[in-house]
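For reference, the structure is listed below as structure tokens.
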Amino acid sequence: MPSSSTPSHETTATGAPRPAGPGLLAGRTVSRIGYGAMQLERLHGDRDTALATLRLAVELGIDHIDTAQFYGDGFVNGLLREALRPEDGVLVATKVGADPNPGGPVPMRPAQRPEELRASVEANLAGLGLDQIPLVNLRRMDAAPRIPLEADQVVDLDDQLAEMTALRDEGKIGAIGLSTVTLDGLRRAIPAGIACVQNAYSLVARGDEDLLQLCVAENIAWVPYFPLGSAFRGMPKVTDEAAVQEAARALDATPSQVGLAWLLHHAPNVLLIPGTANADHLRANVAAGALTLDAATLAALDAVPARTGAIGID
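Take the sequence shown: its letter number 57 is residue 101 in this note's numbering, and every next letter is one higher.
So this is what it looks like as structure tokens:
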């Protein structure tokens with residue numbers, strides 16, 4: 045599993061060039077294009093392919109992988125434990141605030157109470173085979189996508205941050221992030237030391253622009269999920285936009301690659317974690333880091349209006 049080794053600026057610990065160059069996360073240099081492991085759930089019946097996908101990610105220069113214990117009810121964390129080696133120097137980030145919900149309408153259920161956050165950290169430590177998790181994101185339920193909460197799951201952010209800070213002080217986690225957080229919530233949390241924010245954000249869903257700019261000002265990494273919209277019904281898709289498709293034709297790229305490249309160009313603190321269970325898609329996502337968008341292309345993409353629609357569950 046990942047070690048605390050520090051890669052060079054332009055290459056990873058394995059010597060691979062960093063896709064899209066270097067970024068900063070939880071005090072470490074990582075490639076700006078990482079990998080979101082959620083879709084590996086789809087390979088539950090093909091463990092060898094899942095492991096090969098993770099090894100390919102490392103070979104392609106990815107050294108930031110995002111996971112959660114509720115991805116496949118521990119299945120994905122088990123893959124990471126088996127596939128990753130200390131010499132890979134991969135920063136693994138996980139999230140707490142939800143637990144697995146096998147057989148439920150959504151794959152997770154809220155677990156917001158401080159004692160549940162601690163139990164989830166312990167479960168992630170065991171599942172990942174780590175003594176310390178480099179980064180743990182606290183998934184709040186303040187912003188969309190929301191999950192209905194029972195009364196005992198409505199927990200004040202300060203109480204949660206106190207528990208997360210205690211876990212950091214104990215050395216169980218290295219850094220604290222926030223997910224699905226509001227602008228006010230981030231402002232309240234900054235004194236606790238926040239390494240990153242994970243919110244739904246893309247070219248067509250830019251409602252959190254003020255939140256992003258606060259992260260820029262505070263040197264907090266912005267790690268958007270649903271970077272291309274979502275497959276969930278009713279949610280706009282970046283790849284449907286005419287300006288994105290036109291840019292893709294001009295650049296001999298795919299619309300998905302253009303959508304990812306726009307995010308990288310949009311702000312210097314953006315780190316991407318596009319997810320896939322397909323090796324060709326993984327290679328294409330990494331290749332998006334090499335796309336250059338000129339001023340005219342950026343202006344055309346910036347002019348795409350933000351869309352509204354239902355947001356799915358991350």
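We treat Cβ as the ideally placed atom computed from N, Cα and C, and that holds for glycine.
Predicted model only: the values in this text are computed from it and were never measured.
- Residue environment analysis places H310 among the buried positions, since at least 16 neighbouring C-beta atoms fall within 10 angstroms of its C-beta.
- Contact check for M185 against Q156 passes: the beta carbons are separated by less than 8 Å.
- Nearest neighbour of S246 by Cα position, chosen from Q257, V140, N181 and Y269, turns out to be Y269.
- H88: not part of any beta strand (DSSP E); DSSP gives it neither H nor E.
- Assigned with DSSP and collapsed to three states, I234 falls in helix.
- For Q176, the secondary structure class from DSSP, reduced to helix, strand or coil, is coil.
- Taking 8 Å as the cut-off, the Cβ atoms of A64 and G333 count as close.
- In the DSSP annotation of this structure, the continuous segment of the beta strand (DSSP E) that includes V140 starts and ends at L135 to V140.
- DSSP links T55 through a beta bridge to P61.
- In chain order, A332, L335 and L337 place their CB closer than 7 Å to the CB of A305, counting only its own chain and leaving out the 5 sequence neighbours on each side.
- Spanning the alpha carbons of G147 and R153 requires a straight line of approximately 11 Å.
- CA-to-CA, the gap between D324 and L316 works out to about 17 Å.
- As the crow flies, the alpha-carbon of H53 is around 21 Å from that of L307.
- In the DSSP assignment, no residue is bridged to N121.
- Per DSSP, the unbroken beta strand (DSSP E) holding D110 starts and ends at H108 to D110.
- In this structure R162 does not touch L222 by the C-beta definition: roughly 17 Å separates them, more than the 8 Å allowed.
- Taking A249 as reference, the option from V102, D143 and A350 with the minimal CA-CA separation is A350.
- With respect to the 8 Å criterion, V102 and V150 are not classified as neighbours on the basis of their beta carbons.
- Annotation for A265: L69, C240, N313 and L315 place their beta carbon closer than 6 Å to its own, counting only its chain and skipping 5 residues before and after.
- Short of 6 Å from the beta carbon of A321, and not among the five residues preceding or following it, lie these beta carbons of its own chain, in chain order: Q83, L84, R86 and L87.
- Straight-line measurement puts the Cα of Y79 at about 16 Å from the Cα of E126.
- DSSP places Q242 inside the beta strand (DSSP E), whose first and last residues are C240 to Q242.
- Straight across, the Cα-Cα distance linking D296 with D213 is about 49 Å.
- Per the C-alpha coordinates, the member of R62, K139, V348 and G122 positioned closest to A219 is K139.
- Counting the other Cβ atoms within 10 Å of the Cβ of D346 gives fewer than 16, which makes it exposed.
- Apart from the 5 residues on each side of it in sequence, L326 sits with its Cβ closer than 8 Å to the Cβ of Y79, T97, L100, A101, L104 and T320 in its chain, given in chain order.
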